[in-house]
């Protein structure tokens, strides 16, 4: 979720997909300010087109990022999103009520593990970004699948720093042994990490 992301959208923008417009209206009516920003939404729209079967995200909010994903996805691709706030989950479900390929779950982000692996997984990020082995790409992604971790400020040093110390959450994904990752600057104040799961890395046995 992005600070002031909802306010970043113009009502007169003719390039927004209809489903995104619907989700933005729901976010505004609900007073939710932290929607996916347009720069990230357009990236998600493009990446969704390359997913052959399954897409998931954590942190639905009121469904703006999910609307970008659904608008870019191929017919028949299943989309899953998890939201921990029950009211936001309800609002988002109303946005997608006419889209049976989209499912919104209420609960902790780890509920994405119930239906994986996915071709594309979007983790609401910044902060800890579900690192420290909490989100394992070898379990959550298909081989060659794409991971997006959002809400970073662009790095200006190497190694990247946060508060004068190494930014370990960011480095977790950039140096992850199961991923080939890079940081993409989407705006002067916004960056995401995009990684591809390396085919040779195997998921651990859950039994």
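Numbering (our numbering), first residue to last: 6 to 212.
Backbone N, C-alpha and C define an ideal beta-carbon position, used for all residues, glycine too.
Note that the coordinates shown come from a computational prediction; the quantities given were computed from them, not determined experimentally.
- Just so you know, the alpha carbons of residue 197 and residue 144 end up roughly 21 Å apart.
- Residue pairing by DSSP puts residue 59 in a beta bridge opposite 83.
- By the CB criterion at 7 Å, residue 128 and residue 142 fall outside the cutoff.
- Residues 159, 196 of the same chain have their beta carbon placed closer than 8 Å to that of residue 190, with the five preceding and five following residues left out of the count.
- By the neighbour-count criterion, in which 16 or more other beta carbons inside 10 Å mark a residue as buried, residue 177 falls on the buried side.
- In this structure, DSSP gives residue 129 a state outside helix and strand, which the three-state scheme calls coil.
- Of the other Cβ atoms in all chains shown, 16 or more fall within 10 Å of the Cβ of residue 174; this residue is therefore buried.
- Scanning its chain for C-beta atoms nearer than 8 Å, with the 5 sequence neighbours on each side dropped, one finds around residue 57 the residues 79, 82, 124, in chain order.
- For residue 24, the enclosing alpha helix (DSSP H) has its first and last residue at 23-35.
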